[in-house]
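J.:
Residue numbers (this note's numbering), protein chains in the order written: chain A, 1 to 111; chain B, 112 to 962.
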């Protein structure tokens, strides 16, 4: 499934909630956690990462990876953590709203 | 501390690393390595595009920040319109003046000639020290052209005044004769018709302006015959509107009109000995030194073939044409450019000063922004954005100012420098202005921005803290103002020296009143005047009509020429000779000029047969030393008796002493040519000029009467370049003075406001108002004196660079230095006076409550 426009940002933030990660690991985590439903064009990760750095939601640190190579690790900043909350709330409301429209009967039956 | 790197650093590495990780993941699933690599790249997408999009994130951010900064700066400045207006005016003055000077430098020194390969063009000359002119004998040039190996083309040209008659009255036209490869050297293409070839004679090519003015832009004139100085000449073509004659014109001082007609060099002149100016194009990769060496060899060969007595003194020279063309204007323009830079520096100091005052007011605002998390860099960038916004606004206003200034300059003295009239605001000038504005903004913005940051922002947030730049800030501001005054005094002294030179040039002897003297020229050419009898009949009729015209006090005709090889009676070395200047004039000429008789008697009509001469005092001194010349013989070159000595007046060049001259009766003129007419008017010379002109033209309409102007005007035209320098440097000095006085006023007024409470205390304790005024003025005076002393020292070192621009004034003329220092000191005291009076009117009761 293609990723919805703009949702990659929030997925990155969510992924980094688990701790700092390098770029490849972030993509892999998104694919794995969505049970491989979401296919990210891997390159599109980088503009998104830089957009988030610019807004001050994540930061990049130079670090050493597991196989002892230099790599950039991205981590969530304090502002990024707050932003994730905002975005998650927004997403939940949006998802509920769309759900209600698409399956009204089922909703009713359940209530 | 480790320097934080920009997130974009190492982006390529990050991407490569990413793909390698994906590749090894895929290999781990059992894919062959080569296939895994391709799959990884496919999954990643277009690497170049990803890099571009990632970088774009930051580009956009940079612009976004700049826009935010600029928008904020605009808001801040709109909220302080007074400050913004003063700042923009200051900068407009500084940047505008520099833009104006640069556009002149650009037109005169930087822009190449509009001819093909201008960098290869060289000037060939044989300098004749006695007539102080570069010249080449036409046979020599033909010889060089034939045998020289260094050149692709060689051309000769010389001035040619001509009376062109095409139905009705003849018009005086400034033209040139051209020979050799003139057309190909200049890359000229005809707009109409064709350009005459090297073998053609009695042909004429018109400049576009002449074609439009005299021939009504009628293409039918091509191939038509017109009468030029009594000869039938065929018009072969018209040059395009954009074509200009841009070669050096030594005659421009005398005939400043643009070149509008091109004639072939008469056949007789090619074979005969005629002095021409020469320009050549070097072959590609031939250096000027090679050409010089070759010319020296050719010269030796030429000497062996022509008779020696047919030659000028030989001082062969080759120099790049551009250097020859603007060599005379270059030093003055560089000095003016430096002066412009000083004005801009003063404007910068003034701005820094203004910003320091504002910084104290804004400390709290900045402190709040810093407390809210604005980074140090962000705040400084914001402050610089304000400076640059001001500088850009100042630059834009300055550009408008420069446009006006250039228009005025070109109108005032179009001939002050070659190609000055072609000055425009082109792309290079715009670039210069933009660069000047931005550098200026950074320069005056950086200091205050840093100073502001260094200030203890914490203190300024405290309740009740008063905005103040403190003692160290005020000290800095005093230093800036002293610096301004020092720079201003350098400019003022430079301008003062030029003013004094100007005065010295205009120091006329008593009785000489050039403003009431009208001069004009009569062409008098053509076969009808080649007989002396007819020529003299014309002259007699001219003198009769002009002398009896109403409003004429005295009038005369004059023709001067040089004669070489004449010994003086006072010569001590045997065989020594001189170039003498003979002036064949009618008796009324010297009286019209206002020349006084010092000894002996005037020449009268009875002396027309020759043998009697007058000398001017300079000639008497040169030829006879201390002996009394009256009644003695002098060679002219025929022996003549000196009957009188007259005073010497400047009647051609203001910035040179009057030349030694011998006056002979007009009837003794050894050749027949046009003449200068000089009229001393009783009333308004502007009215009588055109009337006299009409009167003379009435004798024979085929002979143009032209160049009607007062002698005062002719004299001031002769120093056009000097006037140009004086005008510009004077304007710069005035601007510098104004800025420096505003600076000193600002600092003193601010310091008085700061000390209101202290002044109140002093007055409560019994200080007199007089003492308060004294205290304030003393503060200003110390600052002014420091600036004046530093400025005098600077001027002492710098003015020697402008020695070539001065006339009869030494570069460190003590009187000028003293006068300028005194004037500036007085002006500085006056600038302090208003704040001092305000201080004296402080009411102690109010002041003590003032917080």
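Backbone N, C-alpha and C define an ideal beta-carbon position, used for all residues, glycine too.
Taking 7 angstroms as the CB-CB cut-off, is residue 31 of chain A touching chain B?
T.: The residue labelled residue 31 of chain A in the question sits at position 31 within the first chain. Closer than 7 angstroms: no.
J.: Taking C-beta to C-beta, are residue 753 of chain B and residue 726 of chain B nearer than 7 angstroms?
T.: In the second chain, the residue the question calls residue 753 of chain B occupies position 642. In the second chain, the residue the question calls residue 726 of chain B occupies position 615. In this structure, residue 726 of chain B lies closer than 7 angstroms to residue 753 of chain B by Cβ.
J.: Bridge partners of residue 965 of chain B, per DSSP?
T.: Look at the range of chain B in this structure, 112 to 962, and you will see that residue 965 of chain B is not part of it.
J.: What are the residues in the stretch 142-161 of chain B lying within 9 angstroms of chain A by C-beta distance?
T.: 151, 154, 155, 156, 157, 158, 160 and 161
J.: Could you pull the start and end residues of the alpha helix (DSSP H) that residue 435 of chain B belongs to?
T.: Position 324 of the second chain, counted from the start, is the residue given in the question as residue 435 of chain B. 432-437 is the extent of the alpha helix (DSSP H) around residue 435 of chain B.
J.: Just how far apart, CA to CA, sit residue 290 of chain B and residue 642 of chain B?
T.: Working through the second chain from its first residue, we reach residue 290 of chain B at position 179. Working through the second chain from its first residue, we reach residue 642 of chain B at position 531. Rounded to the nearest angstrom, the two C-alpha atoms are 30 angstroms apart.
J.: Flag this pair as yes or no: are the beta carbons of residue 147 of chain B and residue 138 of chain B separated by less than 7 angstroms?
T.: Working through the second chain from its first residue, we reach residue 147 of chain B at position 36. Working through the second chain from its first residue, we reach residue 138 of chain B at position 27. In this structure, residue 138 of chain B lies closer than 7 angstroms to residue 147 of chain B by Cβ.
J.: Where DSSP assigns a beta bridge to residue 631 of chain B, which residues make up the other side?
T.: Walking along the second chain from the start, residue 631 of chain B turns up at place 520. The partner list for residue 631 of chain B (beta bridge, DSSP) reads B:788.
J.: Starting from the beta carbon of residue 53 of chain A, find every residue of chain B whose beta carbon is closer than 8 angstroms, and list them in chain order.
T.: For the purposes of this step, residue 53 of chain A is identified with residue 53 of the first chain, where counting begins at 1. What residue 53 of chain A touches in chain B: 118.
J.: Establish whether the CB of residue 125 of chain B and some CB of chain C are separated by less than 7 angstroms.
T.: Checking the listed chains, one finds no chain C in this structure; the protein chains it contains are A and B.
J.: Use the C-beta contact count for residue 864 of chain B: other C-beta atoms within 10 angstroms, 16 or more gives buried, fewer gives exposed.
T.: Stepping through the second chain from its first residue, residue 864 of chain B is reached at position 753. Classification of residue 864 of chain B: exposed, given that the 10 Å Cβ count is below 16.
J.: 7 angstroms is my cut-off, CB to CB: does residue 129 of chain B come that close to chain A?
T.: Residue mapping note: residue 129 of chain B aligns to position 18 of the second chain, counting from 1. Yes - at least one Cβ of chain A is within 7 angstroms of the one on residue 129 of chain B.
J.: Hey, could you find the ends of the beta strand (DSSP E) residue 338 of chain B is sitting in?
T.: The residue labelled residue 338 of chain B in the question sits at position 227 within the second chain. Segment 336-339, the beta strand (DSSP E) holding residue 338 of chain B.
J.: First and last residue of the beta strand (DSSP E) that includes residue 62 of chain A?
T.: Working through the first chain from its first residue, we reach residue 62 of chain A at position 62. Here the beta strand (DSSP E) through residue 62 of chain A covers 58-64.
J.: Hey, which unbroken runs of the beta strand (DSSP E) at 3 residues or more fall wholly within the stretch 846-883 of chain B?
T.: none
J.: Give the single residue among A:21, A:27 and A:38 whose Cα lies nearest to the Cα of residue 59 of chain A.
T.: As a first step, residue 59 of chain A must be located in the first chain, where it is residue number 59. Selected option, being the one with the closest Cα: A:21.
J.: When you compare only the Cα positions, how much space is there between residue 522 of chain B and residue 704 of chain B?
T.: Translated into the one-based positions of the second chain, residue 522 of chain B becomes position 411. Translated into the one-based positions of the second chain, residue 704 of chain B becomes position 593. About 29 angstroms.
J.: Apply the 10 Å Cβ neighbour rule to residue 651 of chain B and answer buried if 16 or more other Cβ atoms are within range, or exposed otherwise.
T.: Residue 651 of chain B sits at position 540 when you count from the first residue of the second chain. Residue 651 of chain B comes out exposed.
J.: Looking at residue 239 of chain B and residue 248 of chain B, is the spacing between their C-beta atoms short of 7 angstroms?
T.: Translated into the one-based positions of the second chain, residue 248 of chain B becomes position 137. Translated into the one-based positions of the second chain, residue 239 of chain B becomes position 128. Contact flag unset, no.
J.: Any beta carbon of chain A sitting closer than 7 angstroms to that of residue 489 of chain B?
T.: Here the question's residue 489 of chain B lines up with position 378 in the second chain. Answer no: the Cβ-Cβ gap between residue 489 of chain B and chain A never drops below 7 angstroms.
J.: Could you list which residues in chain B have their beta carbon closer than 8 angstroms to that of residue 43 of chain A, in chain order?
T.: Within the first chain, the letter at position 43 stands for residue 43 of chain A. Here the neighbours are 126, 155, 156, 157, 158, 160 and 161.
J.: Counting Cβ pairs closer than 8 angstroms, one from the stretch 750-770 of chain B and one from the stretch 794-805 of chain B, do we hit at least three?
T.: Segments in contact, no.
J.: Suppose the cutoff is 7 angstroms on Cβ atoms and the five residues either side in sequence are ignored; what does the same chain contact list for residue 960 of chain B look like?
T.: Sequence index remark: in the second chain, residue 960 of chain B carries index 849 (1-based). Answer for residue 960 of chain B: no residue qualifies.
J.: Would you say residue 306 of chain B and residue 330 of chain B are within 7 angstroms of each other, going by their C-beta atoms?
T.: Taking the second chain and counting its residues from 1, the one referred to as residue 306 of chain B is at position 195. Taking the second chain and counting its residues from 1, the one referred to as residue 330 of chain B is at position 219. No.
J.: Residue 71 of chain A versus chain B: which residues are under 7 angstroms apart at the beta carbon?
T.: For this step, residue 71 of chain A is matched to residue 71 along the first chain. What residue 71 of chain A touches in chain B: 128.
J.: Taking just the CA atoms, how far does residue 499 of chain B sit from residue 625 of chain B?
T.: Translated into the one-based positions of the second chain, residue 625 of chain B becomes position 514. Translated into the one-based positions of the second chain, residue 499 of chain B becomes position 388. Residue 625 of chain B and residue 499 of chain B have their C-alpha atoms some 52 angstroms from each other.
J.: Going by other Cβ atoms of all chains shown within 10 Å of its Cβ, with 16 needed for buried, is residue 141 of chain B buried or exposed?
T.: For the purposes of this step, residue 141 of chain B is taken as the residue at position 30 of the second chain. It is exposed - the Cβ of residue 141 of chain B has fewer than 16 other Cβ atoms within 10 Å.
J.: Rounded to whole angstroms, what is the Cα-Cα separation between residue 947 of chain B and residue 358 of chain B?
T.: Position 836 of the second chain, counted from the start, is the residue given in the question as residue 947 of chain B. Position 247 of the second chain, counted from the start, is the residue given in the question as residue 358 of chain B. Answer to the nearest angstrom: the Cα atoms are 60 angstroms apart.
J.: Would the stretch 882-891 of chain B count as touching the stretch 496-511 of chain B if we require 3 or more Cβ pairs under 8 angstroms?
T.: no
J.: Report the neighbours of residue 56 of chain A on chain B: residues whose CB is nearer than 7 angstroms to its CB, in chain order.
T.: Here residue 56 of chain A refers to the residue found at position 56 of the first chain. Result: empty, since nearest Cβ-Cβ is about 10 angstroms, beyond 7 angstroms.
J.: Taking its Cβ as the centre, do 16 or more other Cβ atoms sit within 10 Å of residue 91 of chain A, making it buried, or is it exposed?
T.: Working through the first chain from its first residue, we reach residue 91 of chain A at position 91. So residue 91 of chain A ends up on the exposed side.
J.: Find the residues of chain B that neighbour residue 47 of chain A, judging by a C-beta separation of less than 8 angstroms, and give them in chain order.
T.: Along the first chain, one-based indexing puts residue 47 of chain A at 47. By Cβ distance, chain B contributes 161, 164, 165, 167 and 168.
J.: Can you tell me which of B:876, B:639, B:907 and B:840 puts its alpha carbon nearest to the alpha carbon of residue 443 of chain B?
T.: By 1-based counting over the second chain, the position of residue 443 of chain B is 332. Taking each of B:876, B:639, B:907 and B:840 in turn and checking the Cα distance to residue 443 of chain B, the smallest one comes out for B:840.
J.: Could you list which residues in chain B have their beta carbon closer than 7 angstroms to that of residue 60 of chain A, in chain order?
T.: For the purposes of this step, residue 60 of chain A is taken as residue 60 along the first chain, with counting starting at 1. Neighbours of residue 60 of chain A on chain B, chain order: 118.
J.: Short of 7 angstroms in beta carbon distance, which residues of its chain neighbour residue 920 of chain B, apart from the five on each side in sequence? Order them along the chain.
T.: To locate residue 920 of chain B, count along the second chain from 1; it is residue 809. The answer, listed in chain order, is 608, 611, 612 and 615.
J.: Which residues in the same chain have their Cβ closer than 6 angstroms to the Cβ of residue 544 of chain B, if we skip the five residues on either side of it in sequence?
T.: Here residue 544 of chain B refers to the residue found at position 433 when the second chain is read from its first residue. Same-chain partners within the cutoff: 210, 506 and 510.
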